[in-house]
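Okay, structure first, notes after.
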Amino acid sequence: MKKKPKPYVEQPRIRTVKPQLFKHEWLYQTEKETQLPIRLGFIGLFGLCDAEGYFKWQPGRMRAEVFPYESVDCEALLEALRRAHFIEKFVFEGESFGRIPSWLKHQVMGDQEPETGLPRLLPSGEVVPGFVELEDFEN
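The sequence shown lines up with residues 1 to 139 when you count with the working numbering.
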C-alpha cells in the first residue's frame, strides 16, 4: 500500500513557458473573441497546477495569484479555456477541479515536487481520488 505523503501546502510554482506559446493562434483567437487576457491567464494557470497539470477550479484564487491588480473575470477566463479545449473541468465529491491535457508534453517535472492529492481524471472519464495507485483503475 502506498504511504500517504505529508500534508500538501498550496503555493504557486515555477514553470516553463515556451516562446511559441505567445504565438499560439488558437489562444490568440480565443483572447480576441472573449476580450479576456487568455494568454496571460493560461500561463498564470501553470503556476497553480500540480506536477501532472491538475488544479483546483478556484477563479477567486486565480485572480488573486495571477491578476492581483486587475479586475479580470477568471471564471469567464477558465470557461473560455475549457470551451477552446485548452483545459478540462471535472467534479469530485462536490468540488470542481481542472487539468491541462497537454501538460506532460510541455512541462518537465523534477522529483522534488510533493504530491497534491488532487483527484485524477482517467482517460475513461472516471474520476478517482488522489493518493491512489492509478494502475488499479486503468484497464
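We put the beta carbon where it would ideally sit given N, CA and C, even for glycine. A quick note: this is a predicted structure, and the numbers were derived from the prediction, not measured.
I need the boundaries of the beta strand (DSSP E) containing V91, first residue and last residue.
88-92
Where do the ends of the beta strand (DSSP E) carrying E154 lie?
This structure leaves residue 154 out entirely; the chain is present only between 1 and 139.
Buried or exposed: which applies to A80, given that a residue is buried once 16 or more other Cβ atoms fall within 10 Å of its Cβ?
buried
State the Cα-Cα distance for the pair P119 and F55, rounded to the nearest angstrom.
9 angstroms
Taking only three categories from DSSP, how would you classify R15?
coil
Applying the criterion that 16 or more other CB atoms from any shown protein chain within 10 Å of the CB defines a buried residue, is F97 buried or exposed?
buried
Rounded separation between E70 and K105 - CA only
Roughly 31 angstroms between the two C-alpha positions.
Measure how close the beta-carbons of I38 and L77 come, nearest whole angstrom, since I'm counting them as under 8 angstroms.
7 angstroms
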